[in-house]
Amino acid sequence: MKFLSTLGLLGATATLSGCLGSDNILDNPEYNLVEAFALVDRFGSAAEVSPEDLPAEATMSGFVEVFSEEDNTDDSTFVVAGDMNMTADFSNSRITGGATNLAEYEVFGDCDSVSTCDAEFQQSFGGSLEIRSDEEDDGVEEAFGIIEGSSFRGWLDGSLTGSIEDEGAGSGTFVADVITDFNGSFRSDDQGLIAAADVDGSVTITPTIDGVEYESEVQSVSGGFVVAE
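Here my numbering is used: the first residue of the sequence shown is 28, the next is one more, and so on.
Shown next, in the form of structure tokens:
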């Protein structure tokens, strides 16, 4: 899977955990970035699983991260990371869940190793992202993703809110409407099921500065998530 070799999930996650201190705690005391990096490593070494070996249902949790190439500079990358929860209903070939506790970080350096990378917490976002289907029932998008054998797919969508602080532009808020699709697979190890997916799509950002709503900007985003029992 391509996301296993991206800056975000192999570089930024490891170094963010180092930067935030020994407790690795953000605003949410349940959010542990060291554990997130361990999940990525675990998925990489887990074995592929046959559809007939999958259980009737599995409840999984982990980590999601997306970033925009358009938001980067020569020296840093802006990353959005948070908690990911997913319930796999293999009997009905559906997945449900979403992403919560999302926050923004600025990551510096090449991130080839902890010693070559650094990161700073920027802000927490309001809102969440929900798993949906890329199929429709009577014109209505279903609130679940699709399992096909040992693979799965769907959309991860929602609206996030945040703040703007710019000495030149002023202060205000923004709404970010996220529309992404994902494709992933299930694997297994001695600890149980683990799943990971690539995420690609776009975000439409609408800023309001000093009470004035400005024109929206659309950016491409990519990343991935990993969850485990």
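Even for Gly, the Cβ is constructed at its ideal location relative to N, Cα and C.
All of these numbers come straight from a predicted model, not from anything done at the bench.
For F70, the secondary structure class from DSSP, reduced to helix, strand or coil, is helix. Boundaries of the beta strand (DSSP E) around G185: S178 to D193.
The beta carbon of A65 sits closer than 7 Å to no other beta carbon from its chain once the five residues preceding and following it are set aside. Between the C-alpha atoms of F94 and D217 there is a straight-line separation of about 32 Å. Annotation: F252 to S155 spans about 14 Å, alpha carbon to alpha carbon. Distances from the CA of T123 to each of W182, E244 and S186 were compared; the closest alpha carbon is that of W182.
In the DSSP secondary-structure assignment, V76 is not bridged to any residue. In this model, M113 and L81 are separated by some 15 Å (Cα to Cα).
Residue pairing of Y132 in beta bridges, as defined by DSSP: V106 and F148. A straight line joining the alpha-carbon of T233 with that of G153 spans about 14 Å. When the beta-carbon positions are compared, E92 and A108 come within less than 7 Å of each other. DSSP places E84 in the uninterrupted beta strand (DSSP E) bounded by E84 to F94. For the options D193, T231 and S247, the alpha carbon positioned closest to that of D237 is the one of D193.
Bounds of the beta strand (DSSP E) holding Q246 are E244 to A255.
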